[in-house]
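Using the working numbering, read the sequence shown as starting at 1 and increasing by one per residue. For reference, the structure is listed below as structure tokens.
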Amino acid sequence: MIIDTTEVQDINSFSRLESLKEIYGIIWILIPIFTLVLGITIGVLVIVWLEREISAGIQQRIGPEYAGPLGVLQALADGTKLLFKENLIPSRGNIHLFSIGPSISVISILVSYSVIPFGYNFVLADLNIGVFLWIAISSIAPIGLLMSGYGSNNKYSFLGGLRAAAQSISYEIPLTLCVLSISLLSNSLSTVDIVDAQSKYGFWGWNLWRQPIGFIVFLISSLAECERLPFDLPEAEEELVAGYQTEYSGIKFGLFYVASYLNLLVSSLFVTVLYLGGWNISIPYIFISELFEINKTCGVFGTTIGIFITLAKTYLFLFVSITTRWTLPRLRMDQLLNLGWKFLLPISLGNLLLTTSFRLFSL
């Protein structure tokens, strides 16, 4: 049997071409993911710096000012310090649960960013169940906190983990009911469709005006989900030393703070997407239709404008969250649970029933 060498060369070149196409395909899949992770990391560093500056202004003291210009590198310096600190493990604790807990908290929140539209056609995964995917994935984070508290073999840590689980269950139900009301108004669970449904009338098309009760309930529930003051009961320093973080040090201790700020950022982004019109320019189309459609027709420039608008609305909500933390006192645990079960749950249920009735009568 005689084999033509030119045919063998053609086969080899074809196989190399196919392998190169596969490599390029993998690279093009990874590039958006790495870009999103890089943007999220920078966003968290900005939030840490903003929190220190705003809290310093509220308390009339000097904030960070030495690490970089205006102290902008302070968060990076703190992260580097934690990275090189010694990683201590309790001698009688459950090593596996102790080590896995912080990772579960961070990874579960990072996955939520995949369904957030930062601009027109600028979303990692436009899923039909985008908002419920966020709720389902965010429910995993308290499991990591509970594992951390149990694995620490410390009564304060274990109580902190139990408080985190109870708080998450109490406030996820009204949060889900508010999201369900928005999905009924938009006839979709996709985050992109929800933003598009608000784009018809500019500023007056925001769900904030159609769902004011739901907005307030969502705002309170998201703060409780992020364990921000006055809802930071799982790590209350005066009662539980530092809660589930008590036995942690080094980078694992830092992961809890990263998870907290990641959760705050993703909650702020969902407030923007669900209630504040997302990437749309908030100008009624009646007056300036060209500006209203700029982020759909101008390619890269329009996408950049959309990202800037989304982040501007997001950091406006972040400013409210940070100011709330440094203004209001901490609640007691019974007050926290009473607020969730006796007030926010009935209000969110009533809001859902009103929204459903409105949709039925409008058909």
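Here a beta-carbon is modelled for each residue, glycine too, at the ideal position from N, C-alpha and C. In this text the structure is predicted, and so the values were computed from the model without any measurement.
Local conformation of residue i per DSSP, three classes
{"i": "phenylalanine 122", "result": "strand"}
{"i": "lysine 342", "result": "helix"}
{"i": "serine 186", "result": "helix"}
{"i": "leucine 73", "result": "coil"}
{"i": "tyrosine 24", "result": "helix"}
{"i": "glutamine 335", "result": "helix"}
{"i": "leucine 82", "result": "helix"}
{"i": "glutamine 167", "result": "helix"}
{"i": "asparagine 351", "result": "helix"}
{"i": "threonine 327", "result": "coil"}
{"i": "arginine 52", "result": "helix"}
{"i": "serine 181", "result": "helix"}
{"i": "threonine 356", "result": "helix"}
{"i": "isoleucine 286", "result": "Reliability fails at isoleucine 286, whose pLDDT of 44 lies under 50, so the model's placement of it is uncertain and the value that follows must be treated cautiously. Isoleucine 286 falls in the coil class under three-state DSSP."}
{"i": "tyrosine 66", "result": "coil"}
{"i": "alanine 312", "result": "helix"}
{"i": "leucine 265", "result": "helix"}
{"i": "leucine 276", "result": "coil"}
{"i": "serine 249", "result": "coil"}
{"i": "isoleucine 281", "result": "coil"}
Spatially closest choice to residue i from the options, by CA coordinates
{"i": "glutamine 335", "options": "Ile33, Gly254, Ile307 and Gln167", "result": "Gln167"}
{"i": "glycine 250", "options": "Leu265, Ile89 and Leu73", "result": "Ile89"}
{"i": "valine 37", "options": "Lys252, Ile109 and Ser267", "result": "Ile109"}
{"i": "leucine 316", "options": "Leu337, Pro117 and Val271", "result": "Val271"}
{"i": "proline 32", "options": "Phe118, Leu345 and Gln59", "result": "Phe118"}
{"i": "glutamate 227", "options": "Arg325, Cys178 and Leu70", "result": "Arg325"}
{"i": "tyrosine 244", "options": "Leu344, Leu328, Arg330 and Ala141", "result": "Ala141"}
{"i": "tryptophan 204", "options": "Leu276, Gly43 and Gly57", "result": "Leu276"}
{"i": "proline 329", "options": "Leu177, Leu360, Leu264 and Leu229", "result": "Leu229"}
{"i": "glutamate 225", "options": "Leu264, Arg332 and Phe256", "result": "Leu264"}
{"i": "alanine 442", "options": "Leu262, Thr246, Ser55 and Trp279", "result": "Outside the modelled stretch of the chain, which goes from 1 to 363, sits residue 442, for which no answer is possible."}
{"i": "leucine 337", "options": "Arg359, Leu354 and Ile169", "result": "Ile169"}
{"i": "tryptophan 341", "options": "Ser221, Ser114 and Ala197", "result": "Ser221"}
{"i": "leucine 162", "options": "Ile143, Phe231 and Tyr171", "result": "Ile143"}
{"i": "tryptophan 209", "options": "Ile182, Ser190, Phe231 and Val192", "result": "Ile182"}
{"i": "isoleucine 40", "options": "Gly302, Ile95, Arg332 and Leu262", "result": "Leu262"}
{"i": "phenylalanine 256", "options": "Leu30, Ser103, Ile95 and Ile42", "result": "Ser103"}
{"i": "valine 48", "options": "Leu349, Gly254, Glu247 and Thr303", "result": "Gly254"}
{"i": "glycine 306", "options": "Val192, Arg332, Val179 and Gly350", "result": "Val192"}
{"i": "leucine 146", "options": "Phe158, Ile309 and Asn154", "result": "Phe158"}
{"i": "tyrosine 201", "options": "Leu352, Ile281, Ile26 and Asn128", "result": "Ile281"}
{"i": "glutamine 211", "options": "Phe358, Ser152 and Thr327", "result": "Phe358"}
{"i": "proline 69", "options": "Glu53, Gly57 and Ile58", "result": "Glu53"}
{"i": "proline 346", "options": "Lys252, Thr176, Ala197 and Tyr248", "result": "Thr176"}
{"i": "valine 195", "options": "Leu50, Thr310 and Val44", "result": "Thr310"}
Distance between beta carbons of residue j and residue i, contact taken as under 8 Å
{"i": "glycine 101", "j": "serine 138", "result": "That belief does not hold up - the Cβ atoms of glycine 101 and serine 138 are roughly 16 Å apart, past 8 Å."}
{"i": "threonine 356", "j": "leucine 233", "result": "So it is not a contact: roughly 33 Å between Cβ atoms."}
{"i": "leucine 223", "j": "serine 91", "result": "At roughly 37 Å, the Cβ-Cβ gap does not stay under 8 Å, so leucine 223 and serine 91 are not in contact."}
{"i": "glycine 274", "j": "asparagine 207", "result": "Reading off the sequence shown, one finds leucine at residue 274, where the question assumed glycine. 6 Å between Cβ atoms; contact."}
{"i": "alanine 259", "j": "valine 106", "result": "5 Å"}
{"i": "glycine 93", "j": "valine 115", "result": "Not quite, the Cβ-Cβ distance comes to about 35 Å (not below 8 Å), so this is no contact."}
{"i": "cysteine 447", "j": "serine 348", "result": "Since the first residue shown for the chain is 1 and the last is 363, residue 447 is missing from the structure and cannot be characterised."}
{"i": "asparagine 154", "j": "threonine 246", "result": "6 Å"}
{"i": "asparagine 401", "j": "leucine 45", "result": "This structure gives no information on residue 401, because the portion of the chain shown stretches from 1 to 363."}
3-residue-minimum beta strand (DSSP E) runs that sit fully inside the stretch 195-246, ordered along the chain: No beta strand (DSSP E) of 3 residues or more sits fully in the stretch 195-246.
Touch test, the stretch 79-88 against the stretch 121-140, Cβ-Cβ under 8 Å, three pairs minimum: Here the stretch 79-88 does not lie against the stretch 121-140, with fewer than 3 beta-carbon pairs under 8 Å apart.
Cβ contact (3+ pairs, closer than 8 Å) linking the stretch 63-75 and the stretch 128-143: At 8 Å Cβ cutoff, the stretches do not touch.
At least 3 beta-carbon pairs within less than 8 Å: the stretch 302-318 vs the stretch 266-280: The answer is yes - the stretch 266-280 touches the stretch 302-318, with three or more Cβ pairs under 8 Å.
Three or more C-beta pairs below 8 Å linking the stretch 58-70 and the stretch 203-219: Counting Cβ pairs under 8 Å, fewer than three are found: no touch.
Within the stretch 83-155, ranges of the alpha helix (DSSP H) (whole runs, at least 4 residues): Secondary structure in the stretch 83-155: the alpha helix (DSSP H) runs of 4 residues or longer, each lying completely within the stretch, are 95-112, 130-138 and 141-151 in chain order.
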